[in-house]
Every structure is written in C-alpha cells, then in structure tokens.
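When the letters of the sequence shown are read in order and numbered with my numbering, they come out as residues 148 to 338.
Remarks on the structure that follows.
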Amino acid sequence: MSSLRADFDELRERVRHGRELGHASFEPVYYLIFPPDQILEVKRQTPAWEAKLHQEGWDVRVFSIADQLWAILESDPLWSLCVSEDKASPLDWARTNKSLADIVTSGGGLRRRLEETLEPLQGRPNALLLVTDLEALHPFLRIGVIESQLQGQFHVPTIFLYPGVRTGKTRLKFLGFYPEDGNYRSVHVGG
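Here's what the structure looks like:
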C-alpha cells in the first residue's frame with residue numbers, strides 16, 4: 148500500500164507535467180485517492196500540502212465542500228424549518244437526511260459555487276484549485292456528478308482529495324462503500 152506522502156508527491160509531479168504539456172483536450176482534474184480511515188490524517192497533512200504547492204509556484208485556492216455545504220444550508224429559506232423539525236424528531240434520520248439532501252441538491256448550489264470559484268482562476272497560469280472535505284457529501288451526492296456537470300470548465304489544475312477506494316483505472320468507490328462509479332474523467336493517484 149502506498150503512503151499518502153508518496154501519493155501526494157506523484158500527484159504533484161503529474162500536475163506539474165500536465166501544466167507543461169498543455170490541456171487542449173485534457174481537463175486538468177486530479178484525484179488524490181486515500182482510504183476512508185485516513186480522512187483525519189489527510190486533514191492534518193492538507194496545510195503542509197498547500198504550503199508545498201505554494202513553494203512550487205502555484206497560487207492555491209482551497210474549496211472546502213464542508214464549508215460550502217454549510218453555507219448553502221444556512222442561507223436556505225427552509226433551514227430554520229429543518230432545524231425545528233429535527234428538534235421535534237431528533238431520531239428520524241431518514242427524514243432529516245432527505246430534507247438536507249433536498250436543500251443541498253436543489254438548484255445546483257454546490258455545482259454553481261464550484262463553478263464560480265473556477266471562473267476567476269481561468270487564464271491565471273499558476274492557479275490551482277484544491278477541493279477538500281469530500282466526505283461531507285455523504286449521504287447527499289458524489290463529486291463525480293458535479294465533475295461531469297462542469298465538464299469543459301476546468302481550465303486550471305483542480306485536485307480533489309477523495310476518500311474512497313480505486314477499483315480500476317477510472318472506477319472509484321466513494322467512502323469505500325458506495326457502488327463503484329466509472330464516470331470520472333480525471334487522473335487518479337493513490338487508492
């Protein structure tokens with residue numbers, strides 16, 4: 148099993164070479180895949196990885212899925228109703244998850260926020276987007292759905308820190324227990 152450090156080093160090398168080769172028909176989307184039991188270790192390492200990318204000349208922008216989901220939930224007009232309903236029935240997880248999923252997925256809020264983050268980075272030669280906290284998507288959706296919706300809009304290297312299992316060259320199992328998905332059009336390292 149490869150180490151997180153070795154996988155991150157390989158990822159950095161691939162991103163660097165991708166930038167040098169150009170991306171005429173290749174979107175610079177990369178996944179650093181790691182076992183779900185290493186989520187906390189990845190969170191510990193992320194500031195060091197971001198610093199390393201800065202040292203190599205990248206202008207790193209971090210997009211936290213957890214922070215964005217929280218912002219979407221808090222700004223939704225039905226958020227206070229969800230909170231009061233949850234207080235009334237705190238053990239009704241199915242209803243709570245359904246309500247939260249409806250807010251998160253309606254209107255493409257997360258996709259739109261990622262798109263709005265990518266837009267100003269276009270044309271900046273050293274820009275790089277680091278997408279963290281993908282585990283916060285559970286149980287609402289998987290990042291592959293958003294990646295496919297944004298196809299053609301990744302103009303800067305975008306790295307997703309992906310907790311899951313690699314089951315083939317393009318097939319991934321989010322968090323290790325979702326059914327495998329082969330719809331990713333990205334470079335996968337680790338897993």
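The C-beta atom is built at its ideal place from N, Cα and C for all residues, glycine as well.
Using 8 Å for Cβ pairs, my map puts residue i next to residue j. What's the rounded Cβ distance?
| i | j | result |
| --- | --- | --- |
| residue 344 | residue 280 | Because residue 344 is not part of the residues shown, which for the chain are 148 to 338, the question remains open. |
| residue 204 | residue 273 | 6 Å |
| residue 306 | residue 256 | That belief does not hold up - the Cβ atoms of residue 306 and residue 256 are roughly 22 Å apart, past 8 Å. |
Could you tell me whether the Cβ atoms of residue i and residue j are closer together than 8 Å?
| i | j | result |
| --- | --- | --- |
| residue 336 | residue 157 | yes |
| residue 309 | residue 297 | no |
| residue 265 | residue 276 | yes |
| residue 186 | residue 311 | no |
| residue 303 | residue 261 | no |
| residue 176 | residue 294 | yes |
| residue 207 | residue 200 | yes |
| residue 323 | residue 183 | yes |
Please name the residue, chosen from the options, that lies closest to residue i on a Cα-to-Cα basis.
| i | options | result |
| --- | --- | --- |
| residue 332 | 243, 292 and 259 | 292 |
| residue 327 | 307, 301 and 290 | 290 |
| residue 300 | 272, 314 and 174 | 174 |
| residue 334 | 150, 162 and 151 | 162 |
| residue 230 | 338, 243 and 261 | 243 |
| residue 193 | 278, 286, 323 and 261 | 278 |
| residue 211 | 258, 165 and 151 | 258 |
| residue 285 | 321, 151, 237 and 236 | 321 |
| residue 202 | 317, 159 and 236 | 159 |
| residue 216 | 164, 253 and 241 | 253 |
In chain order, which continuous runs of the alpha helix (DSSP H) of length 4 or greater are located wholly inside the region 156-222? 186-202 and 212-222
So within the region 286-331, which uninterrupted alpha helix (DSSP H) runs reach at least 4 residues, ignoring any that extend past its ends? 290-296
Segment contact, 8 Å Cβ cut-off, at least three pairs: the region 245-254 with the region 219-227: yes
Beta strand (DSSP E) runs contained entirely in the region 235-292, provided each spans 3 or more residues: 274-279
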